[in-house]
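Residue numbers (the working numbering), protein chains in the order written: chain X, 2 to 284; chain A, 2 to 284.
Glycine included, C-beta positions come from ideal geometry on N, C-alpha and C.
In what follows, a structure is listed as C-alpha cells, so that the remarks can point back to it.
Number of protein chains: 2
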Amino acid sequence: MELWFTEKHTDDVNFSIKVDRQLYTGQSDFQRIDVFDSPEFGRFLTLDGYMMLTEKDEFIYHEMIVHVPMMVHPDVRTVLVIGGGDGGAVRELVRYPGVEHIDLVEIDPQVVAVCRKYLPQTACRLDDPRVAIHYEDGLKFVRTCENAYDLIIVDSTDPFGPGEGLFTKEFYGNCFKALRAEGLMVNQQESPFYPKDAIAMQRAHKRIVESFPISRVYQAHIPTYPSGHWLFGFASKRWHPITDFNRQRWTDLGFDTRYYNSSIHTGAFALPNYVKKLLEDVE
Amino acid sequence: MELWFTEKHTDDVNFSIKVDRQLYTGQSDFQRIDVFDSPEFGRFLTLDGYMMLTEKDEFIYHEMIVHVPMMVHPDVRTVLVIGGGDGGAVRELVRYPGVEHIDLVEIDPQVVAVCRKYLPQTACRLDDPRVAIHYEDGLKFVRTCENAYDLIIVDSTDPFGPGEGLFTKEFYGNCFKALRAEGLMVNQQESPFYPKDAIAMQRAHKRIVESFPISRVYQAHIPTYPSGHWLFGFASKRWHPITDFNRQRWTDLGFDTRYYNSSIHTGAFALPNYVKKLLEDVE
Chain X
2 MELWFTEKHT
12 DDVNFSIKVD
22 RQLYTGQSDF
32 QRIDVFDSPE
42 FGRFLTLDGY
52 MMLTEKDEFI
62 YHEMIVHVPM
72 MVHPDVRTVL
82 VIGGGDGGAV
92 RELVRYPGVE
102 HIDLVEIDPQ
112 VVAVCRKYLP
122 QTACRLDDPR
132 VAIHYEDGLK
142 FVRTCENAYD
152 LIIVDSTDPF
162 GPGEGLFTKE
172 FYGNCFKALR
182 AEGLMVNQQE
192 SPFYPKDAIA
202 MQRAHKRIVE
212 SFPISRVYQA
222 HIPTYPSGHW
232 LFGFASKRWH
242 PITDFNRQRW
252 TDLGFDTRYY
262 NSSIHTGAFA
272 LPNYVKKLLE
282 DVE
Chain A
2 MELWFTEKHT
12 DDVNFSIKVD
22 RQLYTGQSDF
32 QRIDVFDSPE
42 FGRFLTLDGY
52 MMLTEKDEFI
62 YHEMIVHVPM
72 MVHPDVRTVL
82 VIGGGDGGAV
92 RELVRYPGVE
102 HIDLVEIDPQ
112 VVAVCRKYLP
122 QTACRLDDPR
132 VAIHYEDGLK
142 FVRTCENAYD
152 LIIVDSTDPF
162 GPGEGLFTKE
172 FYGNCFKALR
182 AEGLMVNQQE
192 SPFYPKDAIA
202 MQRAHKRIVE
212 SFPISRVYQA
222 HIPTYPSGHW
232 LFGFASKRWH
242 PITDFNRQRW
252 TDLGFDTRYY
262 NSSIHTGAFA
272 LPNYVKKLLE
282 DVE
C-alpha cells in the first residue's frame with residue numbers, strides 16, 4: 002500500500018509526502034494534531050493539516066528565527082516565545098549563555114506533550130532550568146507584560162485558527178509595550194508568493210510598521226513550506242538588523258549551525274523586487 | 002472534472018498543479034513536450050514531464066541567470082546560450098544595448114516552435130536581429146569554438162536525458178576554451194536539498210572547479226522547481242562575482258526587474274552552511 006499526506010498550498014497546488022506511518026493523531030481543545038514518519042523528511046508534525054515542521058528542514062526555520070535577532074541585540078537576557086510549543090526556538094535560544102530566562106507561551110498543552118514524546122529533535126531543551134512554559138493565549142499573556150523582555154519571538158501558526166490573534170495590531174502594540182527600551186521582536190510572516198499568503202504577509206507587515214520605528218523583512222529557503230520562500234518580520238525599537246549586526250560576536254560564539262551564518266544574515270534581508278513592492282504597497 | 006499535472010520531486014514527494022487544459026503535447030526527436038494552462042501559474046512548459054517554466058515565476062530564473070553575470074563582466078558583446086529554447090534568457094539579454102551577437106544553441110527545434118506558438122512571454126525576442134539560432138547539440142557546437150564569447154549561459158535541462166552532456170568535464174573544458182580571456186560562464190545547477198539533486202549539483206560543481214580559476218555558486222527562490230531552492234554556477238577566468246560587481250552600472254541601466262536587484266546580487270552568493278559544506282566536500 003501507499004500512504005500519502007497532502008497539504009493544499011493553494012486550492013490549485015498540492016504538495017504530497019509519502020508516509021511510512023501515522024504515529025499520532027488527536028484533537029486538542031484548539032486543533033487537530035498529527036505526527037507522521039516519512040522516508041523523505043523523517044518525522045513531521047502537522048496542525049489542522051498544515052505542515053509545522055519536519056526533522057529534515059526544521060533547522061532552517063529555527064536557526065533563522067533565533068540567531069538573526071540574537072546577533073543584532075547586543076545583550077539579550079530575557080526572551081518571550083509565543084507559540085513554538087515544538088521547542089525548536091527554545092533549543093536554539095538556550096545555546097546562548099547570556100540568556101537568563103525564557104517564557105514560552107503556548108496555547109495548547111497537547112502540542113508540547115506530543116512534541117516531547119515524538120519530536121525530541123526539537124523538544125529536547127524544553128526542560129532547561131531557564132525555561133518557564135505557560136499554557137496560555139499569547140495575546141492575553143502579552144497584555145499583562147510591560148518593559149519585561151529584550152526579545153519576543155512570535156513563532157505562530159498561520160493567521161487563521163488559533164494563531165489568528167497573533168497577527169493583529171493590538172497584539173503587536175502589546176509586544177512593543179512588553180519589550181524593554183532596546184527590545185526587538187521577530188515573527189514568522191508567511192510567504193510572498195501565493196496570493197493568499199502574500200495578503201496575510203502584507204497585513205502583518207502593515208501592522209508591525211505602524212507599531213515599531215524599525216521594521217524589516219527577511220527570508221529563508223524552507224522547502225516544506227508553501228513555495229519554499231518564507232519570510233520573517235524584524236521589528237525593533239533601536240537596533241537595526243544590518244548596521245547593528247555584530248559579525249564578530251557570531252564568530253566568537255563558534256556555534257555549529259547548518260543554515261545561518263554571517264553572510265546569510267545580511268543576504269536574508271536582500272529581498273526580490275516583487276517582495277519589496279508588496280511591502281512598500283502597505284508601508 | 003479535475004485535471005492535475007504531477008511532478009515527482011523525489012520518489013516520495015509529489016508536486017501537483019491543477020490544470021485547465023493541455024494546449025499541446027508532442028514527441029520530438031529528443032523528448033516529450035507539453036504545454037498546459039493552469040489557474041495558479043498561468044501557462045507552463047514541461048519536457049519529459051519535468052517543469053521547465055511557468056508564466057508566473059519564470060522571471061526569477063531568467064533574471065538571475067542573465068543579470069548576475071552581465072553585472073560582473075564589464076563589456077559583454079558576444080554571448081552563447083546553450084539550451085534555452087524557450088527564449089527567456091535571450092529576452093533578458095537583448096535588453097542590453099552593448100550585446101552585439103547571441104548564438105542560441107538548442108538541440109530541439111520543436112521546443113523553439115512550441116514556445117514561439119504558446120509561450121510568447123519568453124519567446125518574444127527570439128527574432129531580435131542580434132540572435133542566431135542553431136539547432137545543434139550544445140556539446141558538439143562548443144567544441145568548435147575558441148576565444149569567441151564574453152559570456153556563456155548554460156540554460157540546460159536536468160543532467161539526464163538530452164541535457165546530460167552539458168554537465169560533463171569535457172563540456173566545461175570546451176566552454177573555457179570557447180570564452181575570451183576575460184570570459185565567464187553561468188549554468189543552472191540544480192538544487193541542494195533533495196539528495197539526488199544535490200549529488201548532481203556537487204558533480205557539476207566539482208567539474209567546474211577543475212575547469213575554471215574562479216568558481217562560485219549562487220541561489221534563487223524558484224517556487225515551481227523542486228524544493229524551491231535553486232542554484233546557479235558562476236565560473237570565471239578573471240572577474241569575481243562580488244568584488245567585480247558593478248552596482249552603479251545596474252542603477253544607471255535603470256532596468257525594470259521583478260526579482261533581481263543589486264542587493265539580491267550579493268545576497269544570492271550568501272549560501273547556507275549546509276550548501277557550503279556540500280560544495281566544499283567536492284572542491
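Check	Outcome
As assigned by DSSP and simplified to three states, the class of Tyr226 of chain A	coil
Opposing strand residues paired with Glu8 of chain X [DSSP bridges]	X:Phe16
Proximal residues of chain X, C-beta to C-beta of Asn247 of chain A below 8 Å	Those within 8 Å of Asn247 of chain A in chain X number zero; the least Cβ separation is about 17 Å.
Residue range of the unbroken beta strand (DSSP E) whose run includes Ala133 of chain A	132 to 135
Residues of the segment 11 to 34 of chain A whose Cβ lies closer than 8 Å to any Cβ of chain X, in chain order	Thr11, Asp12, Asp13, Val14, Asn15, Phe16, Ser17, Ile18, Lys19
Alpha helix (DSSP H) runs contained entirely in the segment 95 to 175 of chain X, provided each spans 4 or more residues	110 to 119, 121 to 124, 139 to 144
Burial state of Trp231 of chain X (16 or more Cβ within 10 Å)	buried
Burial state of Met202 of chain A (16 or more Cβ within 10 Å)	buried
First through last residue of the beta strand (DSSP E) which encompasses Ile83 of chain X	79 to 84
CB contact below 9 Å: Glu281 of chain A versus chain X	no
CB of Asn175 of chain X within 9 Å of CB of Arg144 of chain X, strictly	yes
Tyr150 of chain X at chain A interface by Cβ criterion, 9 Å	no
Residues sharing a beta bridge with Leu180 of chain X, DSSP	X:Tyr150
Simplified DSSP state of Phe235 of chain A, which is helix, strand or coil	strand
Limits of the beta strand (DSSP E) - the one that Arg33 of chain X falls within	33 to 39
Among X:Ala124, X:Val115, X:Tyr119, X:Asp58, the one whose alpha carbon lies nearest that of Ala90 of chain X	X:Ala124
Continuous alpha helix (DSSP H) stretch holding Met202 of chain X: start and end	196 to 212
Residues within the segment 32 to 59 of chain A neighbouring chain X, beta-carbon criterion of under 9 Å	Ser39, Pro40, Glu41, Phe42, Lys57, Asp58
Neighbour list for Arg259 of chain A in chain X, Cβ cutoff strictly below 9 Å	Pro273, Asn274, Tyr275, Lys278
Cutoff 9 Å: Gln220 of chain X Cβ touching any chain A Cβ	yes
Three-state secondary structure (DSSP) of Asn274 of chain A	helix
Val82 of chain X beta carbon less than 9 Å from that of Asp58 of chain X	no
Beta-carbon proximity list for Val80 of chain X, same chain, < 8 Å, skipping 5 on both sides	Leu94, Val100, His102, Ile103, Asp104, Tyr150, Asp151, Leu152, Ile153, Ile154
Alpha carbon of Val69 of chain A to alpha carbon of Pro242 of chain A, nearest angstrom	8 Å
Residues bridged to Ile215 of chain X [DSSP beta-bridge criterion]	X:Ser237
Inter-residue CB distance, Leu48 of chain A and Ile34 of chain A (contact presumed, cutoff 8 Å)	6 Å
Option nearest Phe235 of chain A by Cα separation, candidates A:Asp253, A:Ser212, A:Glu8	A:Ser212
Cβ separation of Pro40 of chain A and Asp198 of chain X, assumed to be a contact under 8 Å, to the nearest whole Å	The pair is not a contact, with the Cβ atoms about 16 Å apart (cut-off 8 Å).
Residue(s) in a DSSP beta bridge with Thr285 of chain X	Coverage of chain X is limited to positions 2 through 284, which leaves residue 285 of chain X absent and any answer about it impossible.
9 Å Cβ cutoff met for Asp271 of chain X and Met65 of chain X	The sequence shown places Ala at residue 271 of chain X, not Asp. Cβ atoms of Ala271 of chain X and Met65 of chain X: not closer than 9 Å.
CB contact check: Ile61 of chain A to chain X, cutoff 9 Å	yes
Distance CB(Ala182 of chain A)-CB(Glu147 of chain A) smaller than 9 Å	no
Three-state secondary structure (DSSP) of Thr47 of chain A	strand
Against chain X: residues of the segment 225 to 236 of chain A by CB proximity under 7 Å	Ser228, Gly229, His230
Buried versus exposed, by CB contacts within 10 Å (16 or more), Met2 of chain A	exposed
Exposed unless 16 or more other CB atoms sit within 10 angstroms - verdict on Ala133 of chain A	exposed
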